[in-house]
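Working notes, structure below.
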Amino acid sequence: MTVGLDVRWDEVTVTAAGRPIVERVDLFVAGGSWLSLIGPNGAGKTTLVRALAGTVAYHGTITIDGRDTATGSVRGRAKRLAVVSQHPIIPPGLAVFDYVLLGRTPHQGLRFSASVDDRRRVYAVLQRLDLDSFADRRVESLSGGERQRVVLARALAQDTPVLVLDEPTAFLDVGHQLEVLELIADLRDERSLTVITTMHDLSVAGQFADEVAVMAAGRLVATGRPAEVLTPALIGQHWGVITTVDADEYGAVTVTVQRRRESRMEHIRIAEE
Amino acid sequence: MTKTAVGASPDAGPSGPVPPDEAGLPSATRLGGRWLLAGAAAVAVVALVGVSSGPIGVAPGRVVLELLDRLPFLDFDSGLSAVEIAIVWDLRAPRVVLGLLVGALLAGSGAAYQGVFRNPLADPYLLGIAAGAGLGATLAIVTGLGDGVGFVDAVPLAAFAGALVAVAAAGTLNARRGRTGSPTTLILAGVAVAALLTAIQTYIQQRHQESLRQVYAWILGRLSTSGWDEVLLLVPYAVVCMAVLVAAVGALDVLAVGDEEATSLGLKPRRTRLVVLAAASLGAAAAVAVSGLIGFVGLIIPHGVRMVAGVTHRRVVPLSMLFGGAFLALTDVAARTIQAPAELPIGVITAVIGAPFFLLILRRQEIS
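Protein chains in written order, with our numbering: chain A, 125 to 397; chain B, 124 to 491.
This is the structure:
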């Protein structure tokens with residue numbers, strides 16, 4: 125059984141063309157917990173998780189379970205960390221089963237041949253996500269929600285203790301958004317995963333994560349439980365919108381965005397009062 | 124079949140008990156014996172047709188007997204005369220084998236380029252690799268490196284070097300800021316590189332008119348003048364290229380999800396791409412060096428294979444080699460029989476078949 129591992133960003137800075145996109149971020153995610161990175165467009169959320177995934181150069185240190193991710197092998201990191209990217213590239217014509225099998229890559233030899241064990245694990249994941257009847261279908265022939273589950277299945281087949289999802293619900297309608305997030309929540313419980321998601325949708329981010337980290341202009345501006353962080357004042361300050369925030373007895377937070385009737389500066393002032 | 128929870132029996136491993144429902148598991152796409160057999164059968168049939176057909180007809184059955192007779196411990200009387208044996212063994216067989224090897228290398232490296240660049244329109248010619256090989260070979264010939272004893276060694280090596288320069292230039296122009304560009308920019312980069320290298324080649328050619336005939340002889344193709352020497356020259360390049368490409372099919376399938384996701388799956392995309400490109404360039408350059416410029420084989424064969432056998436490189440790469448070889452050897456039969464005793468340049472026939480097919484692929488791409 126996989127057990128979630130701690131993830132820590134320590135003084136992480138990412139620059140592009142001389143300008144910092146992510147600036148001196150310190151962030152800790154406890155093993156087995158769910159952290160949601162939220163923030164307006166261009167805040168640096170995706171860049172921060174790309175640094176963790178090793179696909180962007182950075183200064184500072186990122187550790188998984190205390191081990192520096194920059195020092196180990198690419199394959200070693202792939203055994204500890206699975207990534208669902210925001211715009212996954214689906215090779216045209218590829219069958220669902222073959223696509224999900226790609227998740228077994230870090231566990232395979234140099235020729236990447238699938239063992240019986242690989243196939244058994246992939247089939248178990250497909251069954252768990254109700255995708256087993258799609259095994260022979262072409263990935264691109266599926267609907268958006270089904271495709272998102274297939275990409276998630278590939279990450280789960282990787283059998284890693286840490287799962288990173290970059291905007292997992294970006295292109296889904298409200299019903300399918302909830303379906304995917306509830307599935308991730310269930311899987312997190314079943315496999316004790318450490319889950320890190322980036323989200324731009326405030327209305328659902330606070331309902332799923334144990335902790336939220338708010339980024340703005342490349343910096344971390346607030347971290348904590350959703351009910352502590354997601355206040356109308358903070359949201360007004362960084363998103364420039366008026367919201368009402370409801371917390372339920374589980375600590376889940378629902379944010380409702382209201383249409384702006386006054387000028388932007390005006391209601392930031394209102395929000396701060 | 125019982126539903127297994129995710130992560131159940133994760134420690135069983137490959138050595139663990141085989142579950143009773145193992146037969147019920149879906150299978151991963153592999154090359155498969157049937158496809159391999161079909162490809163091998165195509166090669167065998169074309170080879171027989173190739174050695175049997177020509178101005179002097181030889182019964183294929185007798186050729187088979189003659190070949191069997193050459194195996195140790197077997198003794199057959201093929202009934203072929205000494206002249207017929209010489210025609211089959213010394214004239215036609217090397218030509219057929221050369222056609223099989225060159226076709227396999229062009230189609231196999233075409234499939235590899237398409238996989239590495241994730242671009243269905245990549246082929247050795249579009250990326251300027253053939254132009255690079257042409258420039259390299261021309262330089263070797265005009266500088267005298269290609270004269271005398273050194274001829275068989277220097278020209279393919281120079282062609283190989285030229286091909287590497289071309290693919291590196293096209294790839295660098297296309298992949299800026301660590302991103303792989305669109306199919307269109309890749310083709311445009313290849314066209315620009317090819318145009319530049321061809322211009323340089325033409326200039327050098329004009330400056331060394333005494334070498335013109337030799338250069339043209341190389342460009343127009345050597346399949347028609349080949350003996351076993353050319354075949355033996357090509358074999359080491361072919362073995363290395365095919366071995367690396369066939370070994371890399373799994374990595375190519377991982378690379379198909381893009382560099383970033385491939386990295387998160389534990390693959391080093393740049394290193395993989397470099398190894399595959401080096402092997403494919405080696406094969407393509409060696410093929411072009413011994414055979415001259417033969418177009419479109421690297422494009423039509425992999426696409427044909429994808430249409431019938433699916434998109435995984437585990438199938439596309441080896442089957443492209445088999446069917447590419449069979450296709451080119453068969454095309455060569457057409458080239459030397461359509462206007463017999465005159466010969467058509469083999470590149471003319473592949474282009475006549477290839478160009479319309481290429482347009483068809485473009486149309487399909489636009490539609491989808």
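For each residue, glycine too, the CB sits at the ideal point set by N, CA and C.
message: In this structure, how does DSSP classify A259(A) when only helix, strand and coil are distinguished?
response: For this step, residue 259(A) is matched to residue 135 along the first sequence. Three-state DSSP puts A259(A) in coil, outside helix and strand.
query: So, helix, strand or coil for T284(A), using DSSP?
result: The residue you call residue 284(A) lines up with position 160 of the first sequence. DSSP places T284(A) in coil when its eight states are reduced to three.
- prompt: alpha helix (DSSP H) containing R244(A): first to last residue?
  reply: Counting from 1 along the first sequence, the entry for residue 244(A) is found at position 120. First-last of the alpha helix (DSSP H) with R244(A): V240 to R252.
message: Given this structure, state the Cα-to-Cα distance separating Q361(A) from P164(A), to the nearest angstrom.
response: The residue you call residue 361(A) lines up with position 237 of the first sequence. The residue you call residue 164(A) lines up with position 40 of the first sequence. Approximately 11 Å between the Cα atoms of the pair.
query: S404(B) lies in the alpha helix (DSSP H); which residues open and close that run?
result: As a first step, residue 404(B) is located in the second sequence; it is residue number 281 there, counting from the start. P392 to S414 is the extent of the alpha helix (DSSP H) around S404(B).
task: Could you tell me the distance, in whole angstroms, from the CA atom of R228(A) to the CA atom of V413(B)?
output: The count along the first sequence starts at 1 and reaches residue 228(A) at position 104. The count along the second sequence starts at 1 and reaches residue 413(B) at position 290. So the two alpha carbons sit approximately 41 Å from each other.
message: With H, G and I counted as helix, E and B as strand and the rest as coil, what does DSSP make of D455(B)?
response: Within the second sequence, residue 455(B) is the residue found at index 332, counting from 1. DSSP places D455(B) in helix when its eight states are reduced to three.
message: Please confirm whether V275(A) has its beta-carbon closer than 7 Å to some beta-carbon of chain B.
response: Indexing the first sequence from 1 puts residue 275(A) at position 151. Output row for V275(A): interface = no.
Contact set between the region 229-243 of chain A and chain B, restricted to residues whose Cβ is under 9 Å from the partner: T229, P230, H231, Q232, G233, L234, R235, F236, S237, A238, S239, V240, D241, D242 and R243
message: Along the region 370-387 of chain B, where does the CB come closer than 9 Å to a CB of chain E? Name the residues.
response: Although the question refers to chain E, the structure presented lacks it and instead comprises the protein chains A and B.
Which listed residue (I310(B), Q324(B) and P243(B)) has its alpha carbon closest to that of A256(B): As a first step, residue 256(B) is located in the second sequence; it is residue number 133 there, counting from the start. Of the candidates I310(B), Q324(B) and P243(B), Q324(B) places its Cα closest to the Cα of A256(B).
- request: Would you list, in chain order, the members of the region 419-432 of chain B that have their beta-carbon closer than 9 Å to a beta-carbon of chain A?
  value: R429
query: Can you check whether the CB of R278(A) is closer than 7 Å to the CB of L226(A)?
result: As a working note, residue 226(A) is residue 102 in the first sequence. As a working note, residue 278(A) is residue 154 in the first sequence. Yes, the Cβ-Cβ distance between L226(A) and R278(A) is below 7 Å.
- prompt: For the beta strand (DSSP E) that D134(A) lies in, which residues bound it at each end?
  reply: Within the first sequence, residue 134(A) is the residue found at index 10, counting from 1. Its beta strand (DSSP E) spans residues V131 to A140.
message: Just to make sure I have the definition right: I need the residues of chain B whose C-beta is within less than 7 Å of the C-beta of P292(A). Which are they?
response: As a position in the first sequence, residue 292(A) is number 168, starting the count at 1. Within 7 Å Cβ-Cβ: nothing; P292(A) doesn't reach chain B, min ~15 Å.
- prompt: Are the C-beta of L442(B) and some C-beta of chain A separated by less than 7 Å?
  reply: As a first step, residue 442(B) must be located in the second sequence, where it is residue number 319. L442(B) does not count as touching chain A.
query: So, does the CB of D313(A) fall closer than 7 Å to a CB anywhere in chain B?
result: The residue given as residue 313(A) occupies position 189 in the first sequence. Taking Cβ atoms only, chain B never reaches closer than 7 Å to D313(A), which makes this a no.
- prompt: What does S160(A) pair with, by DSSP beta-bridge criteria?
  reply: Mapped onto the first sequence, residue 160(A) falls at position 36. Answer is T321(A) and V336(A), bridged to S160(A).
- request: Would you mind telling me which residues of chain B sit closer than 7 Å to S209(A), beta carbon to beta carbon, in chain order?
  value: As a first step, residue 209(A) is located in the first sequence; it is residue number 85 there, counting from the start. Residues of chain B passing the Cβ test: E383 and E384.
field: Rounded straight-line distance, which links the Cα of L416(B) to that of L357(B)
entry: Stepping through the second sequence from its first residue, residue 357(B) is reached at position 234. Stepping through the second sequence from its first residue, residue 416(B) is reached at position 293. Their backbone Cα atoms lie some 15 Å apart in a straight line.
message: Distance check for L262(B) and D242(A), CA to CA, integer angstroms please.
response: Residue 242(A) sits at position 118 when you count from the first residue of the first sequence. Residue 262(B) sits at position 139 when you count from the first residue of the second sequence. In a straight line, the C-alpha of D242(A) is about 52 Å away from that of L262(B).
message: Going by beta-carbon coordinates alone, are V380(B) and I213(A) separated by less than 7 Å?
response: The residue labelled residue 380(B) in the question sits at position 257 within the second sequence. The residue labelled residue 213(A) in the question sits at position 89 within the first sequence. Cβ distance < 7 Å, so V380(B) and I213(A) count as in contact.
message: Just verifying my parser: in three-state terms, what is the DSSP assignment at V78(B)?
response: Because residue 78(B) is not part of the residues shown, which for chain B are 124 to 491, the question remains open.
task: Spell out the partners DSSP gives T185(A) in its beta bridges.
output: Residue numbering aside, residue 185(A) sits at position 61 when the first sequence is read from its first letter. Looking at the DSSP assignment, T185(A) forms a beta bridge with D134(A).
- request: Using DSSP bridges, identify the partner residues of G348(A).
  value: Taking the first residue of the first sequence as 1, we reach residue 348(A) at position 224. For G348(A), which the question treats as bridged, DSSP gives the partners V336(A).
message: Please report whether the beta-carbon of R199(A) lies at a distance below 7 Å from any beta-carbon of chain B.
response: Sequence index remark: in the first sequence, residue 199(A) carries index 75 (1-based). Yes, contact with chain B.
message: So G448(B) and P247(B) are supposed to be a Cβ contact under 8 Å. How far apart are they, rounded?
response: Translated into the one-based positions of the second sequence, residue 448(B) becomes position 325. Translated into the one-based positions of the second sequence, residue 247(B) becomes position 124. Actually they are not in contact, since the Cβ atoms of G448(B) and P247(B) sit about 16 Å apart, beyond 8 Å.
task: At 8 Å on the CB atoms, spell out the chain B contacts of L226(A), in chain order.
output: Within the first sequence, residue 226(A) is the residue found at index 102, counting from 1. What L226(A) touches in chain B: D376, V377, V380 and L388.
message: For V220(A) and L255(A), which I take to be in contact (beta-carbon distance under 8 Å), what is that distance rounded to the nearest angstrom?
response: Residue 220(A) sits at position 96 when you count from the first residue of the first sequence. Residue 255(A) sits at position 131 when you count from the first residue of the first sequence. 7 Å between Cβ atoms; contact.
task: Find out if the Cβ-Cβ distance for the pair I264(B), Q329(B) is shorter than 7 Å.
output: Taking the first residue of the second sequence as 1, we reach residue 264(B) at position 141. Taking the first residue of the second sequence as 1, we reach residue 329(B) at position 206. Against a cut-off of 7 Å, the Cβ pair of Q329(B) and I264(B) comes out as no contact.
- prompt: Quick one: what's got a C-beta closer than 6 Å to L197(B)'s C-beta in the same chain, skipping five residues either side?
  reply: Residue mapping note: residue 197(B) aligns to position 74 of the second sequence, counting from 1. For L197(B), where only same-chain residues beyond five positions count, the Cβ hits under 6 Å are L191.
message: Suppose you measure from the CA of V131(A) to the CA of G348(A); what does that come to, to the nearest Å?
response: As a first step, residue 131(A) is located in the first sequence; it is residue number 7 there, counting from the start. As a first step, residue 348(A) is located in the first sequence; it is residue number 224 there, counting from the start. If I take the Cα positions, the gap works out to 16 Å.
field: Backbone secondary structure at P479(B) - three-state DSSP
entry: Taking the second sequence and counting its residues from 1, the one referred to as residue 479(B) is at position 356. The DSSP-derived three-state label of P479(B) is helix.
field: Every unbroken beta strand (DSSP E) inside the region 167-238 of chain A [3 residues or more]
entry: 183-188 and 205-208
query: Who are the Cβ neighbours of G217(A) in its own chain at under 7 Å, not counting the five residues just before and after it?
result: In the first sequence, the residue the question calls residue 217(A) occupies position 93. The residues are R262.
message: If the criterion is Cβ atoms closer than 7 Å, does the pair E207(B) and V186(B) meet it?
response: Translated into the one-based positions of the second sequence, residue 207(B) becomes position 84. Translated into the one-based positions of the second sequence, residue 186(B) becomes position 63. For E207(B) and V186(B), no; Cβs fall outside 7 Å.
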